[in-house]
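To keep things clear, I will list the structure first and then write my remarks on it.
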Amino acid sequence: MESFLANRPDAESRCTFTLNSDRSKCPHNLGIRQKSLRQKIYNNVLELIGDTPLVRVNRVAKDAGVKCNVLAKCEYFNAGGSVKDRIGLRMVEEAERDGTLKPGDTIIEPTSGNTGIGLALACAVKNYRCIIVMPEKMSKEKVDVLRALGAEIIRTPTSAAFDSPESHIGVAHRLKMEIPNSHILDQYRNPYNPIAHYDTTAEEIIEACNGKVDMIVAGAGTGGTLTGLSRKLKEKCPNCIIVGVDPEGSLLAVPESLNKSEITFYEVEGIGYDFIPTVLDRSLVDRWYKSVDLISLKCSRRLIKDEGMLCGASSGSAMSCAIQACKDFNLTENQNCVVILPDSVRNYMTKFLSDDWMYERAFLDIKDEANSEWWHSMPISSLKVREPVTVSTNTKIQSVLDIMHDRGFDQIPVISEDGAFMGMTTMSEIMAKMSRGTIKAEDPVSKAVTDKFRTVQLDDSLAKLSRVLEGHNYVIIKFAHDHYQDHSTRQSKTHIFGIITSIDLLNYIVKHNKSGEMSNGGTTKQNGIHHHHEKIRTTSIAKECEALH
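Quick note, my numbering runs 120 ahead of the 1-based positions in the sequence shown.
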């Protein structure tokens, strides 16, 4: 065996380099690298927006049985890390050009984050004040980057409809009324959103493919990318197939029948809306595909692992649908399919890149843990689930705080007059909104309801529950049932069954460990108690559900 000392990290160097010496026996004998086509010195980082690389997708495409060339337009190589850098810069430049934007002015923008980063980048270089209004759903990483760029950030409820005063759009327009010399460049209506892609992104793709683009696939958020690309490509490559990607739960796709879904929330950021943005021209899209979180997130992780493409979640949406589209349209070896990868994994380090985050949302299975502890395989129905204390939507916030204090709670479910579960209110949510001045003690608690909580099912394992509780103070068990007003009118109503905290799980483990009932792993006695608990709890669940019906 070779001695460790032969590979000492402080051994004498084998490189024989000396100035102006013979390099034939030296590692420096490979010659001078090919000169870069990029300029040598840039005036500022804004000049590093655009001209992103087009990279061949190899293993992912081959493993899926795709025959054509799948080419990824890696927009995360832009200076701010996303395709939105292009429109942020273009909208600012056009506003400066027409005299709308002047030194010392303020830019306000409602955004899912990436447009905000693009604008904040431009504002940092050009010295404008920047205020970004974004839904709470968007990642912490985006918020941190925006703050680092000097932007001021206001968060709004994810559940707020686009035309609600509480939505990111509504709040942005209110701020514009209050702040002198402020402007909303408005990515949803600004014509330079799609024009930025018509002028640059599309041209770069056509040039890189020598004019042969057979299919292009892009996700739709505001729709600016998809619109700009489709208009230029239909002009220069009229036979190019335009594919739009829209997540389940959004309504951008056509025909409208594609949008019928019971899903109202999706984890993937930056694509999909509950309204049709002005800049989105759907007339040139040949086929729409609906993406789902599970496949999108796993595809993004696969692109990172197998292709080394450090892309974000919506890239997985676009790529997974592109692979299906290539098959559906029977693209062959000599054809090119270009897929837009909008942003970088930098924005999602604590989200889909995290195994724990994926486990919590059932996007990954818990592997090799079912038998590591006696309780891991037990269902949540084994626990003694407490009946929840609830408050009505019109209960005053002061009263809710008094109830929390008296009962020792940090969170309480909020229900409507007919008993439907509306969400949770928590001590931290109330405190945060009161400190911002958005609610008062005499306001109804409906103004402090949050949907930021995790849910589990009674048949989920305690291993899964434990994993979720590592990142959350509590989880809730809820169920839905159909309610008929008449034969033709059906509603799905959601009710809360119970709340579980870490102490509930710990009490169960400690209690059964002390009694010795569960200490022998996989014995018949353990399984008997397991089924006994399940039977009792299932019976009580059935009775309570019948009462709610």
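Don't be surprised by glycine CBs; every beta carbon is placed ideally from N, CA and C.
The C-alpha of Ile619 lies about 44 Å from the C-alpha of Arg249. When DSSP assignments are scanned along the segment 138-218, the uninterrupted stretches of alpha helix (DSSP H) that are 4 or more residues long and fall wholly within it turn out to be 179-183 and 204-217. Boundaries of the beta strand (DSSP E) harbouring Asn456: Asn456 to Leu461, taken from the DSSP string. Per DSSP, Ser434 has no beta bridge partner at all. For Arg179 against Asn189, the beta-carbon gap comes to about 14 Å, at or over 8 Å, which does not count as contact.
The Cβ neighbour count for Glu590, taken over all protein chains shown within 10 Å, is under 16; the residue is labelled exposed. In the structure shown, Val291 adopts helical secondary structure according to DSSP, grouped into three states. Taking C-beta separations shorter than 7 Å and ignoring five residues to either side along the sequence, the partners of Thr452 in its chain run Lys187 and Cys188, following chain order.
Unbroken alpha helix (DSSP H) runs of no fewer than 4 residues, entirely contained in the segment 537-619, are found at 547-555 and 582-589, following chain order. For Glu427, the enclosing alpha helix (DSSP H) covers residues Asp413 to Glu427.
Looking only at Cys446, Ala268, Asn234 and Phe282, the smallest Cα-Cα distance to Val465 is reached by Asn234. The segment 473-484 makes no contact with the segment 211-223; the number of CB pairs closer than 8 Å stays below 3. Going by DSSP, Ile325 is part of the alpha helix (DSSP H) stretching over Ala322 to Ala328. Cα atoms of Tyr409 and Tyr312: separation of roughly 26 Å, rounded to the nearest angstrom. Assignment of Met498 by DSSP, reduced to helix, strand and coil, places it in the coil class. The bridge partners DSSP lists for Asp366 are Lys410. In the structure shown, the three-state DSSP call for Ile443 is helix. Our two residues, Ser302 and Gly341, have alpha carbons roughly 25 Å apart in a direct line. Beyond the five residues adjoining it in sequence on each side, Ser284 comes within less than 6 Å, by CB distance, of Gly290 in the same chain, given in chain order. In the three-state reduction of the DSSP assignment, Ala316 falls in the helix class. For Ala373, no beta strand (DSSP E) encloses it, and the DSSP letter there is neither H nor E. The beta-bridge partner set that DSSP reports for His303 consists of Ile227. The beta carbons of Lys262 and Asn467 sit closer together than 8 Å.
Here the C-alpha atom of Pro223 lies approximately 8 Å from the C-alpha atom of Asn247. With fewer than 16 other Cβ atoms from the protein chains shown falling within 10 Å of its own Cβ, Gly428 counts as exposed. Boundaries of the alpha helix (DSSP H) around Ile523: Ile517 to Arg527. In the same chain as Ser622, and ignoring 5 residues on each side of it, the C-beta atoms closer than 6 Å to its own belong to Leu589, in chain order. Rounded to whole angstroms, the Cβ separation of Val459 and Lys193 is 7 Å, and the two are in contact under 8 Å.
Judged by their CB atoms, Tyr386 and Asp413 are nearer to each other than the 8 Å cut-off.
CA-to-CA, the gap between Glu195 and Glu272 works out to about 25 Å.
Ala268: member of the alpha helix (DSSP H) spanning Lys260 to Ala268, first to last residue.
Partner residues in the beta bridge of Arg275, as assigned by DSSP, are Met254. With the rule of 3 Cβ pairs closer than 8 Å, the segment 515-525 counts as touching the segment 534-552. Boundaries of the alpha helix (DSSP H) harbouring Ala242: Asn234 to Lys246, taken from the DSSP string.
Secondary structure at Arg351: helix, using DSSP grouped into helix, strand and coil. Nearest in C-alpha terms to Trp495, of all of Met478, Tyr628, Phe541 and Arg407, is Tyr628.
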